[in-house]
Amino acid sequence: MEVVEILILFGVGLLAGVINTLAGGGSLLTLPVLIFMGLPPNVANGTNRIGIFFNGLFAIKGFQSKGAKISKYSIWLGISAFFGAIIGSYIAVDIKGETFNKILAAVIVLIVGYMLFGAKPDADLDERNDSKTNVKGIVSFFFIGIYGGFLQAGVGYLIMASLTLINRFSLLKTNIAKVVTVPIYTLASLGVFIYNDLIDWELGIALAIGSALGGWLTSRWSVGINDKWVRYFVMFTAIVFAVKLFFF
Numbered sequence: 003m004e005v006v007e008i009l010i011l012f013g014v015g016l017l018a019g020v021i022n023t024l025a026g027g028g029s030l031l032t033l034p035v036l037i038f039m040g041l042p043p044n045v046a047n048g049t050n051r052i053g054i055f056f057n058g059l060f061a062i063k064g065f066q067s068k069g070a071k072i073s074k075y076s077i078w079l080g081i082s083a084f085f086g087a088i089i090g091s092y093i094a095v096d097i098k099g100e101t102f103n104k105i106l107a108a109v110i111v112l113i114v115g116y117m118l119f120g121a122k123p124d125a126d127l128d129e130r131n132d133s134k135t136n137v138k139g140i141v142s143f144f145f146i147g148i149y150g151g152f153l154q155a156g157v158g159y160l161i162m163a164s165l166t167l168i169n170r171f172s173l174l175k176t177n178i179a180k181v182v183t184v185p186i187y188t189l190a191s192l193g194v195f196i197y198n199d200l201i202d203w204e205l206g207i208a209l210a211i212g213s214a215l216g217g218w219l220t221s222r223w224s225v226g227i228n229d230k231w232v233r234y235f236v237m238f239t240a241i242v243f244a245v246k247l248f249f250f
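Just so you know, the working numbering puts the end of the sequence shown at 250, numbered straight through with nothing missing.
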């Protein structure tokens, strides 16, 4: 592996770690970059999960170092998504490369549209954590896990939408729950991709180091970070990637 590739993936992973911890969407950058480096789409999809997993682990440690508590509800959400991710990952293993690229391009456009025009959560609503509401959340995470197992890109926005619409969590509590659930279901995806020998370990480890560092740093200072310009950069870059994936 070339030194330039290592540096590129470390830098992209670092940025993705920041983005994933703030809200989500880091895979809008990392997954296309892996494909552009010459990996088959299903191998890029599997390799990307290494960075996602370690980003989540280090983000959890970062939040805990600032006094954040991990709720049992977050663990149950992660377990539900774990079983969904098994289904989604097996779908992703056998999909044709050209089809996957076009799906990824379409998803990127949809997510960028959501980033621009999606409704913002109402911070004044009371949190809901009764049993009936929590069951709805757990069921929703099973389906989120199916999508996350198939294609990680943008899953953070689905998680945030579920937690804010169903449970009405605050942004900080939503982010904490997100970084707990993602590495849990990513374990299922990693298992499926490893079993099918669809991971490039060298590229994945380079990406993971940057992602882990970005996740840890951001989780410690996320409350004071203005992500406006980071989001603009992600949206512009992601659209450029989508055009290349779909047409070239």
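Glycine is no exception: its CB is placed at the ideal position from the N, C-alpha and C atoms.
In angstroms, rounded to a whole number, what distance separates the CA positions of Pro43 and Asp128?
43 Å
Go to Gly196, then tell me how far its alpha helix (DSSP H) extends in each direction, as first and last residue.
The residue you asked about is not Gly; residue 196 is Ile in the sequence shown. Segment Leu173 to Tyr197, the alpha helix (DSSP H) holding Ile196.
For Ala87, which residues in the same chain have their Cβ closer than 6 Å to its Cβ, ignoring the five residues on either side in sequence?
Gly147, Gly150, Gly151, Tyr187, Ala190 and Ser191
Does Pro42 come out as helix, strand or coil in the three-state DSSP assignment?
coil
Would DSSP call Gln266 helix, strand or coil?
The structure shown has nothing for residue 266, since the chain only spans 3 to 250.
Helix, strand or coil for Leu36, going by three-state DSSP, please let me know.
helix
Would you call Val181 buried or exposed, if buried means 16 or more other Cβ atoms sit within 10 Å of its Cβ?
In this structure Val181 is buried. Its beta-carbon is surrounded by 16 or more other beta-carbon atoms within 10 angstroms.
Name the two residues that bound the continuous alpha helix (DSSP H) containing Ser91.
DSSP places Ser91 in the uninterrupted alpha helix (DSSP H) bounded by Lys74 to Val95.
Classify Lys104 as helix, strand or coil using the three-state DSSP reduction.
DSSP places Lys104 in helix when its eight states are reduced to three.
Secondary structure at Arg130, three-state DSSP: helix, strand or coil?
coil
Under 7 Å between the Cβ atoms of Ile168 and Lys134?
no
Going by beta carbon distance, what residues of the same chain come within less than 6 Å of Gly217, once the five residues before and after it are set aside?
Gly19, Thr23, Asn57, Phe60 and Ala61
If you follow the alpha helix (DSSP H) that Gly15 is part of, which residue opens it and which one closes it?
Segment Val5 to Leu24, the alpha helix (DSSP H) holding Gly15.
Who are the near neighbours of Ser142 in its chain, counting only those whose CB is closer than 7 Å to its CB and skipping five residues on each side?
Apart from the 5 residues on each side of it in sequence, Ser142 sits with its Cβ closer than 7 Å to the Cβ of Ser164 and Ile168 in its chain, given in chain order.
Indicate whether Val114 and Ala240 have their beta-carbon atoms separated by less than 7 Å.
yes
Write down the C-beta distance between Phe144 and Ala83 rounded to the nearest angstrom, noting that I regard them as a contact closer than 8 Å.
7 Å
Please classify Lys71: does DSSP put it in a helix, a strand, or coil?
DSSP places Lys71 in the coil class of the three-state scheme, outside both helix and strand.
Do you know how far the Cα of Lys68 is from the Cα of Lys98?
44 Å
Among the candidates Glu204, Phe243 and Ile10, whose CA atom is the shortest distance from the CA of Val45?
Glu204
According to the neighbour-count rule (16 or more other Cβ atoms, all chains shown, within 10 Å of its Cβ), is Asp132 buried or exposed?
exposed
Please report the straight-line C-alpha distance between Ala70 and Phe85, rounded to a whole angstrom.
Note on geometry: alpha-carbon atoms of Ala70 and Phe85 lie some 26 Å from one another.
By DSSP, does Gly156 sit in helix, in strand, or in coil?
coil
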